[in-house]
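With the first letter of the sequence shown counted as 1, position 619 gets the number 619 in my numbering; the numbers rise by one all the way through.
Every residue, glycine too, gets a C-beta built ideally from N, C-alpha and C.
Computed from a predicted structure; not experimentally measured.
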Amino acid sequence: MRTDIGQVINLADYQPTDFVLERVDLTFELDPENTKVEARLILHRRDGVDKKAPLVLDGDELTLSSLLLDQIDIPPAQYDATPESLTIRDLPEETPFEVCITNYINPTANTQLMGLYRTSGLYSTQCEAEGFRRITYFPDRPDVLAPYTITIIAAKEGNPLLLSNGNFLGGGNYDEGRHFAAWFDPHPKPSYLFALVAGDLGVIEDSFTTMSGREVALKIYVEHGKEPRATYAMDALKRSMKWDEEVFGREYDLDIFMIVAVSDFNMGAMENKGLNVFNDKYVLADPETATDADYANIEAIIAHEYFHNWTGNRITCRDWFQLCLKEGLTVYRDHEFSADQRSRPVKRIAEVRHLKSEQFPEDGGPLAHPVRPTTYREINNFYTTTVYEKGSEVTRMIATLLGKDLFKKGMDLYFDRHDGQAVTIEDFVKCFEEASGRDLGQFSLWYHQAGTPLVTASGTYDAAAKTFSLALEQMVPATPGQSDKKPMHIPLSLALFAEDGNAFEPSSVTGAEFTGGVLHLTERTQTAVFQGIGSRPVVSINRSFSAPINLHFDQSPADLALLARHETDHFARWQALTDLALPNLLKAARDARDGKTIASEKTFVDTLLIAAADESLEPAFRAQALALPSESDMARELGGNNDPDAIHAGRQAVIKQIADAGKDVFAALYDAMTTPGEFSPDAKSAGRRALRNTALTFLSYAENSPARAKAAFDGANNMTDLLQALTILAHRFPDSSEATDALASFRDRFAENALVIDKWFAVQATIPGAGTLDRVVKLMDNPLFKRTNPNRMRALVGTFAFTNPTGFGRADGEGYRFLAREILDIDRRNPQLAARILTSMRSWRALEPVRAEHARAALAEIAQSSELSTDVRDIVERTLKG
Ligand code: TRP
Ligand code: ZN
């Protein structure tokens, strides 16, 4: 592993390369420990570049074996090769030339899972962001695009399958015991989209006929025997291809599209041209082993990677600072896809929950950074929820500001103008400015200013004048490296409701632009005056979460209850229910800390139970409403001096109160929300299961007995129900024989299925309370746990650190010390994974002083190590400093 050298990359230093890459030919002779890589690069000097400028190629842990220029050996004096770079001097001034580089790599020893690696007998690659330079010396940056020809040679034994990007050219026998395959990708691409897979896998095949009538072969490769579990992914792929044609007018552009599922993978999936590589967690599903959430994730990630073919691959990023250009836009596209395939409001609620629980803490802590950063030490650490999810929200705001038609016009212009190019956020935004005639200068601050804006609102009604005035104030908090913020352009979708639940149509609005139901907040303070409002209105602000902000708006429980019943935007109904819940939960946390008795407002409990029983509402919506803000949501809202035990106790007490008050409602729901007949993963059935399992959870509080959950566990015929029953038993009654037996039977039943065993690890890692640390430590010695597998490590250690505030954050600091030890250990094998799990410490400053000091000391212990990767060094130092 390379240890950190403290190099900082700045956007302001961007320069195009001195040499233009025309073509790439790669030949691989695969061997588990000694793979030969031969790279032929055709290059020419860019116009206007100094005739003496050398060619400098990137490397990472490479050893040069031989080097030819136009087929002739280059004298050693003409080049310098180090593990990190290859510099060649005295190259032709004007004519194109060919450099041929040979080197050997060891895929088996590659535990970072970046570059070419081999696990479980399978060769696969991960090149984004800078993994290609671990394969061969190369201009490894996203603005260097070329067509690739790939030849793979390998032993037939064990490697019947030889895959790479593009269209298949041909293959056959090579020499004794070996065969070869050749692939050509005609679409110029950057090196991060290169992929190679070789080994022995099963396949399911299908085909798709594109809008212009071309037939595309579709193949999903999985481990032998797992083929039946890939059919849902195939179905999701075909629906994605169709949707991208219908909604964005985008057609697929090769003869074949392949997906390979691998079990050792650092992230979710990777959009390599024509050859997506997936974490098998996001491909494999059947009713017995996958939850409804798994199905929804598979659908979304299959779509996401497929959509990258246009947003990312055909049009790519000029440099890695522009990562949100492809990721934010592609997340927006997969969100829209899922909304169209499922329920739009329920999908929106899930997105916002996720944004608030993951991105808001990032934006409010030491790791905060703009959607389009200007500096980094390690690009791997910028695959963040800010770049992805806030990046998607920024794209969504452009769509909101422009409206559907102009947004489409802007997207079409973008595809038209920039196809085949590597571009910037400015290029992207310009397309929407030109399509709409709107100035997006102020709006672009969303890309450049970090931090979640806080909007404070207050309303006054003037009965005589029939006007309603809404005073708005915005504040963007200081974030690391950005103390002064400018006011942003914030699109607030807004509606006014009368007491009878009907919406007002204001005759005119002054003080702020108000078009298509969207109020444009552009000043630090601004008062919008709505004319022609016949009675005191109840205002709904930020409907559908039109802007990713925190909103402070004091609304009475009665007003919120009215919105919860009458808002036509169902996201806003959920928001009203959440706004009712939150003060009760926060008060409960404070009362728990102060040893007071805990009691929630009647309006809140009543309104929630009315919504729960309201048959005009989708079951999935009702389940979302009943889910209540999480403990980390509460911690975020409390904002400082947080005691995880008090937060947990307060929330538990509120749940118990709702459960007791709603016992009959929940019992009725539990009986009614069955899904008879054969299992179907569709959104409607999933919603019924979600509501039924929510009812089961509340009943476990009301009845204070594991009996019903035990019966549910024994009777479950799908993983969603089984896992929820197991969770109730393990979390609510951890010491009961019911819990112990269920955990053991679950383990025995699924011991062969690593993805299901991950759920078994995660359920135990999230058992509340200080005792869970010992359990986690013991589980790490379980034969089913494998330290080198990222999914296992995330399921146990990641889940514990990210989602168990009372266990991980126990008062004596043992949880933080445990994490520090593990991070140092993981970092030696897989820096990317270590750095990601370490971000679980990002909110340490919001803890009460005793825990905060334990957390700081654990971070300092990591920082003291002299052998940290760049990845962990970067995260630990920013976390301590910010
Ligand atoms: N581009 C991938 C996506 O669609 C992200 C990704 C996959 C990735 N593997 C990676 C990023 C490894 C960095 C390193 O979101
Ligand atoms: Zn992506």
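| Asked | Found |
| --- | --- |
| I9 in three-state terms, based on DSSP | strand |
| 8 Å CB neighbourhood of G158 in its chain, flanking five on each side removed | G121, G199 and D200 |
| Supposed contact pair Q555 and D579 - C-beta distance, whole angstroms, cut 8 Å | 7 Å |
| Minimum C-alpha distance to K390 - residue among K408, R353 and I379 | R353 |
| Per-residue burial, H304 [other beta carbons within 10 Å of its own, 16 or more giving buried] | buried |
| Nearest candidate by alpha-carbon position, reference D781, set T799, F761 and M719 | F761 |
| Local Cβ density within 10 Å of T597, reported as buried at 16 or more and exposed below that | exposed |
| Between the CA atoms of I490 and D758 - distance to the nearest angstrom | 41 Å |
| Within the segment 624 to 700, ranges of the alpha helix (DSSP H) (whole runs, at least 4 residues) | 631 to 638, 644 to 661 and 663 to 672 |
| Where R40 falls: helix, strand or coil (DSSP) | strand |
| Collapsed DSSP secondary structure at N165 in the structure displayed | coil |
| Closer than 7 Å: E393 CB and nearest ligand 3 heavy atom | Of the ligands one can find in the structure shown, namely ligand 1 and ligand 2, none is ligand 3. |
| Any non-hydrogen atom of ligand 1 within 7 Å of E358 CB | no |
| Distance, S85 Cα to E631 Cα | 48 Å |
| The segment 362 to 370 in contact with the segment 579 to 591 per 3-pair CB rule at 8 Å | no |
| 6 Å CB neighbourhood of R318 in its chain, flanking five on each side removed | D143, A422, V423 and T424 |
| Uninterrupted alpha helix (DSSP H) stretches inside the segment 724 to 812 (no shorter than 4 residues) | 737 to 750, 754 to 765, 772 to 779, 790 to 793, 799 to 803 and 805 to 808 |
| For L68: DSSP bridge partner residues | D73 and C100 |
| beta-carbon T330 near ligand 2 non-hydrogen atom, thresh 7 Å | yes |
| Length of the line joining the Cα atoms of F184 and R396 | 36 Å |
| Validate contact between the segment 90 to 109 and the segment 37 to 44 using beta carbons, cut 8 Å, 3 pairs | yes |
| Inside the segment 108 to 194 only - beta strand (DSSP E) runs reaching at least 3 residues | 115 to 119, 122 to 126, 146 to 155, 161 to 164, 167 to 173 and 178 to 189 |
| Start-to-end residues for the alpha helix (DSSP H) that takes in P361 | F360 to D363 |
| Span of the beta strand (DSSP E) around N491 | The residue asked about is misnamed: residue 491 is Pro in this sequence, not Asn. Looking at the DSSP string, the run of the beta strand (DSSP E) that includes P491 is I490 to F497. |
| Length of the line joining the Cα atoms of C324 and P480 | 20 Å |
| Outcome for V346 when other beta-carbon atoms lying within 10 angstroms are tallied against a minimum of 16 | buried |
| Those residues which DSSP pairs with K219 across a bridge | E205 and M258 |
| Which listed residue (D253, S736 and S207) has its alpha carbon closest to that of D235 | S207 |
| Residue(s) in a DSSP beta bridge with E473 | T456 and T525 |
| Whole-angstrom C-beta distance between Y670 and A690, which should lie under 8 Å | Between Y670 and A690 the Cβ distance is about 12 Å, and since that is not below 8 Å, they are no contact. |
| Every unbroken alpha helix (DSSP H) within the segment 358 to 427, with a cutoff of 4 residues, ordered by chain | 360 to 363, 391 to 402 and 404 to 418 |
| Alpha carbon of G166 to alpha carbon of R118, nearest angstrom | 22 Å |
| Alpha-carbon to alpha-carbon, Q474 and L562 | 26 Å |
| Start-to-end residues for the alpha helix (DSSP H) that takes in L323 | L323 to Q341 |
| Start and end residues, alpha helix (DSSP H) containing H552 | Where H552 is concerned, there is no enclosing alpha helix (DSSP H), although the beta strand (DSSP E) it sits in stretches over N550 to F553. |
| Same chain, Cβ closer than 7 Å to E867, neighbours up to 5 away in sequence not counted | T3 |
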